[in-house]
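Those protein sequences? They're chains A and B, same order as listed. Under the numbering used here, the first residue of the first sequence carries the number 21, and numbering increases by one thereafter. Under the numbering used here, the first residue of the second sequence carries the number 407, and numbering increases by one thereafter. By construction, the Cβ of each residue, glycine as well, lies at the ideal position given by its N, Cα and C atoms. Reading through the structure tokens given below for one structure.
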Amino acid sequence: MMRNIIAITTLFSLIVTFANFDIVRILTSGGPLDHTHIFATWAFRIGIEGSDIPLGASVSLFMVPILAIAAIFILRDVNKRGNEA
Amino acid sequence: MASTVVISKGAPTRTVKYGSMSRDRIWALRWSYFFLALFAIFSLVPPLYMLITSLKSSAEISAATNPWWVFHPTLENYISLLTSNQFLRFFWNSAWVSIVVVTITMLISVPAAFALARMRFWGSATLATGVFLTYLIPDSLLFIPLFKMFAVVGDWTGIQLINRWYVLLLIYPTLTVPFCTWIMIGYFASIPKELDEAAIIDGASWFQTLTRIFIPVALPGLIAATIFAFTVSWAQFLYPLVFTTSTDQLVLPVGIITSLIKGDVFNWGQIMTGALLGAAPPLIIYAFLMDYYIAGLTAGATKG
């Protein structure tokens, strides 16, 4: 009964954590010698601060397939179990 | 379920119970309070530290004393922030943006949710799923395309949108509207059909059904959505960082970061004070709306 809710919450927190920007930006902002970048902060560094918009956009676009695979699997399961959530 | 109640033949007797609860439940309650206390401490220590640090002078922060105690409490951080035009400007921008965004969000998402939950039109189920999927797209994916888009719009039409605070009024609803619509669809779907049938029999139009029946009944959901929209637009960090740069256009979170950190110099006392003052409005709004929220929850729609 709770599985759908748990699945959707998992998906949400997965996406929010994976695409996080604020915390990394404030704590290390990419950190010593760009060692602690994640996709979002790296895209910001290149696209906005380095004003190379196409390259920055492609960096952030790399998140899409990874998150899409997770979303497809989780949402397919939710769909199969029926719409109770 | 393990029960301690033993019924012997003859006169039914009970084994010893504590109050009205069995031993298992008492232990479950104790453990849940234990973990509740643990998480409360975990989440309340940072605000406490913020408060402690905000009451210190810069000299005391950098001095090697016990960081968990204020030896010379001072309000100089509060005074210097609340008298600085810059900080008040950030606060004003933040408040203005959040209030307008909440209004826009509610004006869009409540009718949208009503239409998607009740009016069965072609593709309404697909559209509802689409709204949910829109929320799954993170903001860190969208900021560069949006930046480019606004730059192009600025080139074509001459309307300068980048580095103006009101550009945030256009962007924030992309975060708040899908989620609020989704919450409201859930709430509206849980309202029994009999209520709107009764309204239709009494000759109410769709709009009257929405304003007279659905909004009062779904008030808890409405308030939850309002709180969510306000919190998101108050705490949003990435979009204002990207789209606004000059100091008179910044909102509070970005303003604190850019104006109180100068190179490697962190003005910790003022940062903590600013963060504390920035955290206050959502807390106050939440505290006030909480009564409403619970009152709405217990109202009961189909009694009698």
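When the cut-off is 8 angstroms and only beta carbons count, does A76 of chain A lie next to chain B?
The sequence position of residue 76 of chain A within the first sequence is 56, counting from 1. Checking the sequence, you will find Gly at residue 76 of chain A rather than Ala. Yes, G76 of chain A lies at the interface with chain B (some Cβ there is under 8 angstroms from its Cβ).
Three-state secondary structure assigned by DSSP to V657 of chain B
Taking the first residue of the second sequence as 1, we reach residue 657 of chain B at position 251. Three-state DSSP puts V657 of chain B in coil, outside helix and strand.
Between the segment 641 to 657 of chain B and the segment 431 to 440 of chain B, do at least 3 Cβ pairs fall closer than 8 angstroms?
no
Taking 8 angstroms as the CB-CB cut-off, is S80 of chain A touching chain D?
Judged by its chain identifiers, the structure shown contains no chain D, and its protein chains are A and B.
Hey, out of B:F527, B:T563, B:F613, whose CA is closest to V516 of chain B's CA?
Along the second sequence, read from residue 1 onward, the residue named residue 516 of chain B stands at position 110. Measuring from the Cα of V516 of chain B, the nearest candidate turns out to be B:F613.
CA-CA distance, C586 of chain B and A635 of chain B?
Reading the second sequence from its first residue, position 180 is the one you call residue 586 of chain B. Reading the second sequence from its first residue, position 229 is the one you call residue 635 of chain B. C-alpha separation (whole angstroms): 7 angstroms.
According to DSSP, is I690 of chain B part of a helix, a strand, or is it coil?
As a first step, residue 690 of chain B must be located in the second sequence, where it is residue number 284. DSSP places I690 of chain B in helix when its eight states are reduced to three.
Could you check whether the Cβ of S546 of chain B sits closer than 8 angstroms to any Cβ belonging to chain A?
Stepping through the second sequence from its first residue, residue 546 of chain B is reached at position 140. At least one chain A Cβ lies under 8 angstroms of S546 of chain B.
Using the beta-carbon of each residue, which ones in chain A are nearer than 7 angstroms to I550 of chain B?
Here residue 550 of chain B refers to the residue found at position 144 when the second sequence is read from its first residue. Correct list: A63, G67, I73, G76, A77, S80.
Interface residues of chain A around I589 of chain B at Cβ under 7 angstroms?
Numbered from 1 along the second sequence, position 183 holds the residue referred to as residue 589 of chain B. Within chain A, no residue comes near I589 of chain B; the closest Cβ sits about 13 angstroms away, beyond 7 angstroms.
Residue-chain proximity (I46 of chain A, chain B), Cβ-Cβ < 8 angstroms
Here the question's residue 46 of chain A lines up with position 26 in the first sequence. At least one chain B Cβ lies under 8 angstroms of I46 of chain A.
Have a look at B:V451, B:L666, B:A465, B:Q655 and flag the residue whose alpha-carbon is nearest the alpha-carbon of L567 of chain B.
Translated into positions along the second sequence, residue 567 of chain B becomes position 161. Ranking B:V451, B:L666, B:A465, B:Q655 by Cα distance to L567 of chain B puts B:Q655 first.
Can you tell me the Cβ-Cβ gap for S49 of chain A and T61 of chain A, rounded? I've got them flagged as a contact below 8 angstroms.
The residue labelled residue 49 of chain A in the question sits at position 29 within the first sequence. The residue labelled residue 61 of chain A in the question sits at position 41 within the first sequence. Their Cβ separation, rounded to whole angstroms, is 7 angstroms, which keeps S49 of chain A and T61 of chain A in contact under 8 angstroms.
Buried or exposed, going by whether 16 or more other CB atoms sit within 10 Å of the CB of P473 of chain B?
One-based indexing of the second sequence puts residue 473 of chain B at position 67. Exposed.
Answer with yes or no whether the minimum CB distance from V648 of chain B to chain A is below 8 angstroms.
Residue mapping note: residue 648 of chain B aligns to position 242 of the second sequence, counting from 1. Closer than 8 angstroms: yes.
Starting from the Cα of L574 of chain B, find the closest Cα among B:L601, B:L547, B:V648 and give me that residue.
The residue given as residue 574 of chain B occupies position 168 in the second sequence. It is B:V648 whose Cα lies nearest to the Cα of L574 of chain B.
Integer Cβ distance of I751 of chain B from A631 of chain B, believed to fall under 8 angstroms:
Because chain B in this structure spans residues 407 to 710, residue 751 of chain B falls outside the shown range and cannot be described.
Interface flag, F41 of chain A vs chain B, CB-CB below 8 angstroms
Reading the first sequence from its first residue, position 21 is the one you call residue 41 of chain A. With 8 angstroms as the cut-off, F41 of chain A counts as an interface residue toward chain B.
Cβ closer than 8 angstroms: which chain A residues qualify as neighbours of F620 of chain B?
Counted from its first residue, the second sequence places residue 620 of chain B at position 214. What F620 of chain B touches in chain A: nothing, since even the nearest Cβ is about 21 angstroms away.
Pull out every residue of the segment 652 to 685 of chain B whose Cβ sits closer than 9 angstroms to any Cβ of chain A, in chain order.
P659, I663
Where H55 of chain A and F477 of chain B are concerned, what is the direct C-alpha to C-alpha distance, given to the nearest angstrom?
Counting from 1 along the first sequence, the entry for residue 55 of chain A is found at position 35. Counting from 1 along the second sequence, the entry for residue 477 of chain B is found at position 71. If I take the Cα positions, the gap works out to 39 angstroms.
At what residue ranges does the segment 454 to 531 of chain B contain a whole run of the alpha helix (DSSP H), taking only runs of 4 or more?
464 to 468, 482 to 488, 491 to 524
Looking at I510 of chain B and P579 of chain B, is the spacing between their C-beta atoms short of 8 angstroms?
The residue you call residue 579 of chain B lines up with position 173 of the second sequence. The residue you call residue 510 of chain B lines up with position 104 of the second sequence. Result yes, Cβ atoms of P579 of chain B and I510 of chain B sit closer than 8 angstroms.
Any idea what DSSP makes of I667 of chain B, helix, strand or coil?
To locate residue 667 of chain B, count along the second sequence from 1; it is residue 261. Note: I667 of chain B maps to strand in three-state DSSP.
What are the complete alpha helix (DSSP H) segments, minimum 4 residues, inside the segment 571 to 604 of chain B?
573 to 596
The segment 658 to 667 of chain B contacting the segment 552 to 571 of chain B, beta-carbon criterion three pairs below 8 angstroms:
no
Candidates B:P622, B:P659, B:P544: closest to N499 of chain B by CA position:
Numbered from its first residue, the second sequence carries residue 499 of chain B at position 93. Per the Cα distances, B:P659.
At which residues does the alpha helix (DSSP H) containing I81 of chain A begin and terminate?
Position 61 of the first sequence, counted from the start, is the residue given in the question as residue 81 of chain A. Note on residue identity: the sequence assigns Leu, not Ile, to residue 81 of chain A. Where L81 of chain A is concerned, the enclosing alpha helix (DSSP H) stretches over 73 to 81.
Neighbouring residues, chain B, relative to V84 of chain A (Cβ below 8 angstroms)
Reading the first sequence from its first residue, position 64 is the one you call residue 84 of chain A. Those are L547, listed as they occur along chain B.
Where F672 of chain B sits in the DSSP three-state scheme:
Position 266 of the second sequence holds residue 672 of chain B. The answer is strand: DSSP assigns F672 of chain B an E or B state.
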